[in-house]
Amino acid sequence: MTSLKIGDNAPQFEAKDNAGNLIKLSDYTGKKLVLFFYPKASTPGCTSEACDLRDNYQTFLAKGYDVLGVSADSAKRQQNWINKHELPFPLLADEDRTVIEAFNVWGPKKFMGKEYDGIHRTTFVIDENGIIMDIILKVKTKAHAAQILP
């Protein structure tokens, strides 16, 4: 779905997270960033994905990665999801879809025979200098960390 490619500069962004903090891509300069886009907080697939990342979070940190999730959900919905599943990383509440559209992960989808526009589950791995190192389009929600970690 996305038009971005490995080796491209990641789009600069800033958006508020679940706690109202302004988060920018530049905040992660010097660190690797796992930026995962997911359709909707508290849905089964998204919860499996987030919990897999949560369960491997210490390994990500030990290998120099930070983790940041993005969806168009409200900050309140994101915070409730974090509280319910003890997610240790921030989630951007990108209600106006600025970050989602910058990474070009919004578009037509099909589910149970219906077509609609929504977020394509996509993960970008960004290096210390803001360059896209990997793009995962076919996310395995129950084993996503294994798709990311070398």
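Heads up: the sequence shown begins at 1379 in this note's numbering, then just goes up one per residue. Even for Gly, the Cβ is constructed at its ideal location relative to N, Cα and C.
| Asked | Found |
| --- | --- |
| Within the continuous alpha helix (DSSP H) that includes residue 1426, where are the two ends? | 1422-1433 |
| Between 1395, 1411 and 1490, which has its C-alpha nearest residue 1523's C-alpha? | 1411 |
| Hey, residue 1526 and residue 1417: beta-carbon distance below 8 Å or not? | no |
| Between the alpha carbons of residue 1491 and residue 1514, how many angstroms are there, rounded? | 25 Å |
| Which residue comes first and which comes last in the alpha helix (DSSP H) that contains residue 1394? | From DSSP, residue 1394 is part of no alpha helix (DSSP H) but of the beta strand (DSSP E) over 1392-1394. |
| Name the residue from 1403, 1385 and 1423 whose alpha carbon lies nearest to the alpha carbon of residue 1521. | 1423 |
| Restricting to Cα atoms, I'd like to know which of 1450, 1486, 1445 and 1473 is closest to residue 1502. | 1445 |
| Would you give the residue range spanned by the beta strand (DSSP E) that residue 1509 belongs to? | Premise fails: residue 1509 is in no beta strand (DSSP E) and is neither H nor E. |
| Measuring CA to CA, which of 1462, 1471 and 1420 is closest to residue 1400? | 1471 |
| Give me the DSSP bridge partner(s) of residue 1410. | 1443 |
| Within 8 Å, do at least three Cβ pairs link the region 1456-1464 to the region 1474-1488? | no |
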